[in-house]
Each structure stands twice: as C-alpha cells, then as structure tokens.
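Going down the list, the protein sequences come from chains A and B.
If you count by full-length UniProt numbering, then the first sequence holds residues 1 to 368, one letter each, in order.
If you count by full-length UniProt numbering, then the second sequence holds residues 1 to 368, one letter each, in order.
The next block holds one structure in the form of structure tokens; read it before the comments.
Number of protein chains: 2
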Amino acid sequence: MLQPPPAEPGMREEEVDTPALLLDLDAFEANLDAMARLLEGTGTRLRAHAKTHKSPVIARLQMARGAIGQCVQKVGEAEALAWGGVPDILVSNQVVGATKLARLAALARIARVAVCADDAAQVAGIAAAAEAAGVRIPVLVEIDCGAGRCGVEPGPDAVALAERIAASPHLRFGGLQSYHGSAQHRRTPGEREAAIAHAAAVTRRTVEQLRQRGLDCPIVGGAGTGTFALEAASGVYTEIQAGSYAFMDADYARNEAPPPFRQSLFVLATVMSRAIPGVAVVDAGHKAVAIDSGLPLVHDRPGLRYDSASDEHGKLLVEDGEAPQLGEKLRLVPGHCDPTVDRYDWYVGVRGGRVECLWPVAARGAMA
Amino acid sequence: MLQPPPAEPGMREEEVDTPALLLDLDAFEANLDAMARLLEGTGTRLRAHAKTHKSPVIARLQMARGAIGQCVQKVGEAEALAWGGVPDILVSNQVVGATKLARLAALARIARVAVCADDAAQVAGIAAAAEAAGVRIPVLVEIDCGAGRCGVEPGPDAVALAERIAASPHLRFGGLQSYHGSAQHRRTPGEREAAIAHAAAVTRRTVEQLRQRGLDCPIVGGAGTGTFALEAASGVYTEIQAGSYAFMDADYARNEAPPPFRQSLFVLATVMSRAIPGVAVVDAGHKAVAIDSGLPLVHDRPGLRYDSASDEHGKLLVEDGEAPQLGEKLRLVPGHCDPTVDRYDWYVGVRGGRVECLWPVAARGAMA
C-alpha cells in the first residue's frame with residue numbers, strides 16, 4: 001500500500017533510507033529550462049507527459065516554465081493531475097470501458113480533458129459518457145505514424161473517424177495524435193530522422209485531408225524525448241509530448257547524439273552485503289529499479305558495474321578502483337525512468353547534498 | 001499512491017476494471033493443499049515466502065494449512081505481516097542501517113522476528129538495535145551455497161560468525177540460511193539436482209562443524225518453488241522457503257518437470273485497440289505485468305501471442321483463431337509472479353466467474 005517517506009527535509013543525502021527515488025533538483029530544473037529554450041521559436045508547445053513523473057507538483061513546475069498542459073496514458077493518472085490542480089490534460093491513449101469513461105467524463109467538470117480514439121466504438125463510448133455527465137469532450141484521432149501499435153491508418157480512415165467525432169453533439173474533434181514511440185530509442189540520428197520524416201509526412205497529409213473536409217486540428221500532438229526536435233521542426237506538429245527529458249535514464253544516454261538533458265533521477269541504494277570477494281550487493285533489485293530497458297548504472301563510480309538484478313538484490317561487480325563499504329550508499333541511474341518512478345510513493349528532492357523536499361508520486365500504480 | 005479496488009464482491013469477472021490482479025481461489029487453495037501434502041513426512045516444514053504475496057491474509061491461509069511462519073526480504077514486509085497478525089517471521093536477508101534495524105527490533109515485541117547476517121558489522125548493528133529496544137533477536141548466518149550473491153563461505157567462516165552471534169547477550173544464534181536462488185529456474189531436473197546436491201553438502205558440513213562447536217541450528221532454511229522437493233529430501237534442511245508455489249508463473253512453467261502447482265495468478269487486461277490488422281493491444285504493459293523473466297502468456301487463447309510490452313500497452317499478435325473484440329477481457333499469465341504482485345494494491349479473488357473477495361497487497365512497494 002502507501003509506503004512512508006524515506007527521508008525528512010534537511011537530512012543529508014547519506015541519511016536517506018533506501019531504496020529511495022532521488023531527484024537532483026538542480027539538474028531537474030535545468031532540464032525544464034533547457035526544454036523551454038529548445039522549443040522557443042519553433043511554433044510548437046510542450047505538453048509534458050505525466051506517464052513519466054506521475055506528479056501534479058512536477059506538472060505545475062513544467063507549466064510554470066511554459067508547458068501548456070500535460071499528457072497521461074491512464075484515467076487514473078488524469079485524476080491524480082486534475083485533483084492536484086492541473087487544468088489541461090490530454091489522455092494520449094484509447095480509453096475503453098464504461099467505468100473508466102464515466103470517471104473521465106466526471107473529470108471534465110474540473111479540468112479541460114481530452115482523449116484519443118482509433119475506433120468508432122470507442123467514440124460512441126466516449127459520447128455516451130459525456131452525454132451522461134453533461135459535458136463535451138474533445139477527442140483526437142490517433143493515427144499509426146509508424147509504430148504499428150495503436151492508431152488508424154493515416155488518410156481517409158482518420159478523416160472518417162474525425163467526421164464521426166465532429167458529428168456528435170457531446171464531443172469535439174480535438175485533432176490528431178501521432179506518436180512514434182519506438183523511434184525515440186533508435187540509436188542513430190539518421191534512423192530517428194527517417195522515422196520522424198515518415199511520421200510527419202503522413203500526419204501532414206492527414207491534416208490537409210481533414211482541412212479539405214472542413215476539419216481543423218486544434219492539436220497535432222506526438223514526439224518524445226528522443227525525437228522532439230524533429231517533430232518541432234517539421235512544421236506540422238503543434239504539441240510535443242516529451243516526458244523523460246525532465247529525468248533522463250541510461251537507455252536514452254545510449255542514443256547516439258543523446259537528448260541534451262542532465263540525469264536528474266536516481267535510485268539511492270545501500271550496500272547490504274560484501275561477503276563475496278569482488279562483489280557488492282545493493283538493496284535495489286528489479287522491484288526497485290526497472291530493467292526493461294537495461295540494467296542501471298552506478299553513478300560516478302566507473303569501477304562498479306551493476307551486473308545482475310534479482311527481485312530485491314542488485315549484484316555489483318568491483319571491476320576497478322576501491323570497493324564500496326558495507327552500508328555505503330550509491331546512486332543508481334535507472335535504465336528506464338518511467339517504470340522506475342512508478343515503483344515509488346515518494347520523490348526525495350535533493351540539492352547540495354541535503355533533502356529539500358518530499359513529493360508524492362501521486363499516480364503511482366494508476367494503471368486503470 | 002493507494003489505488004482504489006478494481007472490483008466489488010459479487011461482480012462477474014468480466015465486470016472487473018483492468019488491469020487487475022486476479023487470484024483464482026480454487027487453484028490457489030489447491031496449491032496450498034498440494035504443498036502441505038508434498039512436505040508430509042519429509043521432516044521439513046514450510047516457512048512460506050511473503051516476498052511473493054506481500055499479504056498477511058495469504059500468510060495466515062498458508063499457516064492454517066501447515067506453514068510454520070513466513071519469510072520476507074525487507075523490514076517493510078515484516079511490518080506488514082506482523083501488523084496483520086503473523087506471529088513468526090524470518091527476514092531471509094541482510095538488514096543494514098540503524099533506521100531499518102530499529103524498526104525490526106520494535107517488531108520483535110509483537111512477533112517472533114529473526115534475521116540473517118553475512119558480516120560481523122551487520123551482527124553488531126542488530127545487537128545494538130536489540131539492546132536499545134530491550135529485545136533479543138535470533139540471527140541466522142547466511143552461507144553462499146552456490147548462488148554467489150550473499151552469504152559467507154560455508155565452513156569455518158560461517159562458524160566464526162555464528163560464534164559471534166551466540167556471544168551477544170542481545171542475540172541468539174538462529175541457524176543457517178542456505179538459499180540457492182538461481183537453481184530454481186535451471187531448466188532440467190539434472191541441473192537443479194546438481195545445484196541442490198552441492199548446496200545440501202556444504203550446508204550439512206557447516207551444520208556439523210557448528211555442532212562440534214556446541215552450536216545447534218534451530219533453523220536450516222532455504223529452497224524455493226523450483227527445488228524444494230530436493231531440499232526437503234536432503235535430510236539437512238528443516239525449513240522450505242517457497243513462495244511462488246501459491247501462484248505460479250510462465251517462467252516456472254518453462255522448467256522441464258515443472259513444479260506440480262496450478263496457475264492461480266493472472267493479470268486481467270482489456271483489449272483497448274484493434275486498429276492494426278492482426279494486432280490486439282491490451283491495457284497491460286510492463287508497468288502492469290513484470291517482464292524480467294519473459295513476457296506474459298495469454299491464458300486459454302493459444303492463437304494469441306503477447307508479442308511486446310511497452311509501459312502501458314501490450315501488443316498481442318493474432319496468430320490463429322478468432323481475433324479478440326475491442327473491450328474483451330483476457331487473462332494474462334505473468335512471466336514472473338513476485339514483481340507482478342508488487343505493482344498492485346489489491347488482489348481480486350475470483351471463484352466460479354464471480355469476485356469473492358478483495359485483499360490488500362499490504363506490503364506493496366515495501367522496499368525498505
């Protein structure tokens with residue numbers, strides 16, 4: 001259930017109980033500022049993705065630096081944001097099922113809430129929920145711009161679905177969702193450019209076909225931390241949905257020409273066993289740090305390699321330099337930031353070696 | 001933070017909101033009965049591992065069927081169990097740090113609590129915490145019986161640490177912890193037999209050396225769901241620490257001669273997109289189902305293959321038979337049960353197609 005906070009403001013970082021989700025506030029703020037600068041003059045705005053941070057506190061800090069709103073993937077995430085004062089939320093995903101849609105429609109009374117669809121049956125469900133709640137909900141058509149996961153075919157199929165949305169008195173046509181997820185982690189700039197050139201081309205064509213049918217796109221949204229500069233330069237996207245840029249992770253750092261942001265998110269771990277020569281075991285295994293995109297790195301300790309993760313143990317090999325002491329605390333750089341955050345109830349914000357704040361991961365576990 | 005329950009008792013399974021952690025109660029109870037039967041007459045007792053289930057409700061059901069207590073890996077898990085009425089708890093792991101040890105010592109006033117050590121500094125820390133709390137804590141020596149992660153060398157090193165424990169007025173020597181984790185998933189019976197033959201041999205030798213120094217082992221503990229029959233037959237282990245047997249998962253099912261238990265744990269997911277031909281996307285990605293030991297399987301639908309997991313999406317390929325409908329609910333068999341459970345706040349217990357109970361995953365996220 002809810003875990004107690006692992007620290008108190010004013011503590012030294014070494015006093016924080018572990019495993020803990022550390023946020024280096026200087027690096028985090030620098031990332032928010034860097035993204036604001038990078039989007040200046042591009043004509044696109046940031047709608048930061050809260051699937052990464054799951055926190056209305058962080059959402060509001062992003063909006064104070066120019067983000068126009070937030071994306072989420074789940075209704076439960078939208079609730080956490082709306083209840084925490086975020087006024088403009090796009091569910092960048094399909095929502096299926098009457099229970100979830102009723103919750104979404106209820107939120108539309110306290111925040112601007114939009115959602116995506118790639119099927120006429122979804123549109124009918126959203127319209128029914130909106131009608132029952134007495135609200136009008138903007139719906140974006142998701143197109144498959146190359147990822148092959150969700151989204152209708154760009155072009156006529158998308159136009160047909162948009163017309164169906166626009167025809168409902170309980171909905172508004174909200175524009176296009178055109179996100180190429182797998183392009184974010186393609187390793188070379190050339191591969192990413194090719195993927196986004198294709199995505200932008202099919203999106204542009206669909207925008208034009210919609211315009212010919214009298215349908216303007218209030219939002220053309222997509223992009224993530226690996227490719228946002230390409231979508232921003234395309235002239236077709238109006239909103240950028242990057243999330244990881246605020247935190248970064250080891251997997252993004254493996255991109256050639258990696259995104260220009262600093263690592264701000266860490267898992268603080270304690271060395272709990274030094275019984276095996278050449279091995280240091282930390283108290284953070286894969287229940288504490290996501291390994292879907294590779295193992296974590298040990299921050300600032302190049303001679304230590306996180307070699308394998310079991311549920312509650314991380315086995316580090318001492319490859320060079322001094323071995324860590326039993327009880328020593330180490331910062332780990334997560335392989336993947338989003339699912340790592342989702343394992344924790346609290347951010348421990350640190351600056352200059354001291355705990356400055358505790359922020360709840362308000363949408364931790366919000367899968368529905 | 002804490003998520004609302006996805007169901008109410010009496011609902012039909014198809015009405016449960018998703019993603020949800022389903023427990024098939026008939027299969028679960030059959031597994032508890034099967035383990036009790038399998039250990040009958042072996043001279044070993046079950047101390048079930050709560051790292052898997054994280055629930056005092058399940059712990060008490062296991063104990064009602066013969067388990068003598070519970071294991072945990074973390075102090076937070078021990079707290080959840082002790083607060084939920086479990087009287088006998090072994091932390092089958094090292095605990096490092098004054099904060100955690102003070103919490104552990106506090107628990108010793110309401111439950112029998114033991115802990116492991118593989119370093120003299122840990123022993124000193126436990127003794128200090130026990131002294132401060134006015135309790136006496138049994139400490140087991142963990143030996144490395146082949147996994148190469150934690151644990152002192154079997155033999156004289158273990159004896160020396162045991163003597164140090166026995167010499168403290170605030171501790172008791174609790175026996176040996178001898179767990180070979182990686183042996184559980186070795187695919188062939190021969191590989192598992194070889195690993196446990198080695199583990200049992202070094203454990204037996206250490207037990208004998210301890211006895212020669214006048215130290216009896218109240219507990220000789222280890223084993224998991226993949227190998228417990230071997231440890232139980234060894235004549236040296238007194239306690240079996242299996243956890244997964246209650247739930248099972250796709251990875252254990254890949255063992256040759258898999259453990260003789262039924263799949264009782266599922267993630268219920270909803271088909272949320274059918275826009276791409278031959279593809280069905282469900283609302284359970286790797287935030288909802290652990291993929292560290294492989295992707296989930298689609299239960300009872302051999303023509304559907306869970307092909308890839310992103311954070312919030314599972315992409316299924318329709319390889320044969322009828323494609324699932326948008327909105328259809330599917331049971332997924334997790335690749336790995338323990339970390340999957342740890343992503344949820346609630347078990348939804350089902351029997352005969354109806355929700356019978358909701359049980360909190362009380363130690364969800366208890367990493368400290």
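In this text, a Cβ means the ideal position worked out from N, Cα and C, and glycines have one as well.
Cβ separation of residue i and residue j, assumed to be a contact under 8 Å, to the nearest whole Å
| i | j | result |
| --- | --- | --- |
| B:N31 | B:F228 | Incorrect: roughly 13 Å between the Cβ atoms, too far for contact. |
| A:T270 | B:G97 | 6 Å |
| A:V86 | A:A59 | 5 Å |
| A:V348 | A:A20 | 5 Å |
| A:I137 | A:A114 | 7 Å |
| A:P324 | A:L297 | That pair is no contact at about 14 Å. |
| A:L176 | A:V139 | No, A:L176 and A:V139 are not in contact; Cβ-Cβ is about 11 Å, not under 8 Å. |
| A:N255 | A:H185 | 7 Å |
| A:L358 | A:P4 | 10 Å between Cβ atoms; not a contact. |
Outcome for residue i when other beta-carbon atoms lying within 10 angstroms are tallied against a minimum of 16
| i | result |
| --- | --- |
| A:R149 | buried |
| B:P302 | exposed |
| A:Q62 | buried |
| B:D283 | buried |
| B:G69 | buried |
| A:D342 | buried |
C-beta contact flag for residue i and residue j at 8 Å
| i | j | result |
| --- | --- | --- |
| B:H170 | B:A127 | yes |
| B:L161 | B:A201 | no |
| B:V152 | B:I143 | yes |
| B:C337 | B:T52 | yes |
| B:T238 | B:A290 | no |
| B:F266 | B:V333 | yes |
| B:L210 | B:V159 | yes |
| B:A130 | B:A106 | no |
| A:G365 | A:V318 | no |
| A:V350 | A:D24 | yes |
| A:E8 | A:V355 | yes |
| A:D299 | A:R331 | Per the sequence presented here, residue 299 of chain A reads as His, with Asp not at that position. Yes, the pair counts as a contact, with Cβ atoms nearer than the cut-off. |
| B:A363 | B:A64 | no |
| B:T42 | B:A233 | yes |
| B:A288 | A:M367 | yes |
| B:A250 | B:G335 | yes |
| B:S310 | A:G181 | yes |
Minimum C-alpha distance to residue i - residue among the options
| i | options | result |
| --- | --- | --- |
| A:Q263 | A:A34, A:L2 and A:P5 | A:A34 |
| B:V95 | B:V86, B:W83 and B:A78 | B:A78 |
| residue 382 of chain A | A:V113, A:G66 and A:Y245 | Within the shown structure, residues of chain A are numbered from 1 to 368, placing residue 382 of chain A beyond reach of any answer. |
| B:I276 | A:A132, A:G146 and A:V113 | A:G146 |
| B:F173 | B:V220, B:A366 and B:P189 | B:V220 |
| A:A194 | A:G335, A:A167 and A:E231 | A:E231 |
| B:H313 | B:G294, B:L81, B:M272 and B:L330 | B:M272 |
| B:R103 | B:V141, B:D119, B:K74 and B:D88 | B:K74 |
| B:T188 | B:P259, B:G349 and B:M248 | B:P259 |
| B:Y179 | B:V236, B:R213 and B:V123 | B:V236 |
| A:L2 | A:G353, A:A368, A:W346 and A:V282 | A:W346 |
| B:G76 | B:S55, B:Q62 and B:G69 | B:S55 |
| A:K315 | A:D292, A:S293 and A:G285 | A:G285 |
| A:M248 | A:R205, A:T44, A:Q212 and A:S293 | A:S293 |
| A:V57 | A:L38, A:G84, A:R45 and A:A183 | A:G84 |
Own chain partners of residue i with C-beta closer than 8 Å, once the 5 adjacent residues on each side are dropped
| i | result |
| --- | --- |
| B:L215 | V159, A162, E163, A166 and F173 |
| B:C71 | R47, A48, H49, A50, K51, I89, L90, V91, S92, G221, Q241 and G243 |
| A:P156 | Q209 |
| B:M11 | R354 and V355 |
| residue 370 of chain B | A query on residue 370 of chain B cannot be resolved here, the shown segment of chain B reaching from 1 to 368 and no further. |
Cβ shell of residue i (< 7 Å), same chain only, five flanking positions each side left out
| i | result |
| --- | --- |
| B:G327 | T270 and V271 |
| A:Y252 | T225, G226, S244, P258 and P259 |
| A:C217 | G175, L176, V207 and L210 |
| B:A36 | R65 and G66 |
| A:R213 | V159 and E163 |
6 Å CB neighbourhood of residue i in its chain, flanking five on each side removed
| i | result |
| --- | --- |
| B:L22 | F266, L268, V348 and V350 |
| A:R204 | V236 |
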